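In case it helps, full-length UniProt numbering puts the sequence shown at residues 1 to 180. Heads up, the thing below is written out as structure tokens.
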Amino acid sequence: MEDRGRGRRAADTVLHPTLSDAFEGLEYSVHVPAASVRRELKTVFPGTDVGQILVVPTVQQARCSLLSWGEEQAEEKDRLLERFVRWCEAVKKAVLKRETAWIDAVDPASGVALWGGAAGVYNEVDGFARTLGYDVQLVGSCPILEHPAWRFRSYPATLFCAARRNTLLHALAEVNGATS
Numbered sequence: 001m002e003d004r005g006r007g008r009r010a011a012d013t014v015l016h017p018t019l020s021d022a023f024e025g026l027e028y029s030v031h032v033p034a035a036s037v038r039r040e041l042k043t044v045f046p047g048t049d050v051g052q053i054l055v056v057p058t059v060q061q062a063r064c065s066l067l068s069w070g071e072e073q074a075e076e077k078d079r080l081l082e083r084f085v086r087w088c089e090a091v092k093k094a095v096l097k098r099e100t101a102w103i104d105a106v107d108p109a110s111g112v113a114l115w116g117g118a119a120g121v122y123n124e125v126d127g128f129a130r131t132l133g134y135d136v137q138l139v140g141s142c143p144i145l146e147h148p149a150w151r152f153r154s155y156p157a158t159l160f161c162a163a164r165r166n167t168l169l170h171a172l173a174e175v176n177g178a179t180s
């Protein structure tokens, strides 16, 4: 394995990594994206004012290491994707009840938008390295995120939102206290 970690954060942190009470094993944070991430988002979400976007990276603790690929890993990734989508839908609903705002997320398996017509692909692992400074290991030619505590038992996925900062923070607090 080759270490490709970035080691430092390239985004302004609005909310430091927080574990969700309602969605056990899901950690989220909020960031103003770095210029390099905003440039990438212009291709992923064309027509969206990326200057207003807040990045909400999430990572979930997996039951098994995701370094290798097999039936167990495939089932675990499916389970974690379903939980991420449920969490995103809850956050979206909580945001939209407070203000009309653009909000979308990326399917980590494909890198394309969950709800919008995205033109480009967002690289989750690279996004985490640039936003949170997490290390990345190359396994063969595949980059794998290394969470500081969960190491390779981590599943990254990102939500993007153009709501006002306080709106998003209140929505996240509401969802965090909800029951999954």
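Note that the Cβ used here is the ideal one computed from N, Cα and C, for glycine as well. It should be emphasised that the depicted structure is a prediction, and the values quoted were computed from it without experimental measurement.
Check your understanding: Under a Cβ-count criterion, where at least 16 other Cβ atoms within 10 Å of its own Cβ denotes burial, should Val142 be classed as buried or exposed?
Key -> Locating residue 142 in the sequence shown gives position 142, where the first residue counts as 1. Reading the sequence as shown, one finds Cys at residue 142 and not Val. Looking at its Cβ environment, which holds fewer than 16 other Cβ atoms inside 10 Å, Cys142 is exposed.
Practice item. Using the Cα positions of residue 206 and Ser110, report the straight-line distance between them to the nearest angstrom. Key: Coverage of the chain is limited to positions 1 through 180, which leaves residue 206 absent and any answer about it impossible.
Review point. Smallest Cα separation from Arg176: which of His16, Pro17, Asp21?
Key: For the purposes of this step, residue 176 is identified with residue 176 of the sequence shown, where counting begins at 1. Looking at the sequence itself, residue 176 is Asn, so the reference to Arg does not match. Answer by Cα proximity: Asp21.
Practice item. Starting from Glu27, trace the beta strand (DSSP E) both ways and give me its first and last residue. Key: Against the sequence shown, residue 27 aligns to sequence position 27. Element bounds for Glu27: 26-32.
Practice item. Give the secondary structure of Asp104 by DSSP, where H, G and I count as helix, E and B as strand, and everything else as coil. Key: Stepping through the sequence shown from its first residue, residue 104 is reached at position 104. Three-state result, Asp104: strand.
Practice item. Indicate whether the contact test is met: 3 or more Cβ pairs, each with one atom in the region 63-71 and one in the region 159-168, closer than 8 Å. Key: no
Exercise for review: Check the Cβ-Cβ distances between Thr100 and every residue of chain C, and say whether any is below 9 Å.
Suggested key: As a matter of chain content, chain C is missing from the structure shown, which is built from one protein chain.
Check your understanding: Candidates Ala35, Gln61, Val37: which alpha carbon is nearest Thr18's?
Key -> Numbered from its first residue, the sequence shown carries residue 18 at position 18. Per the Cα distances, Gln61.
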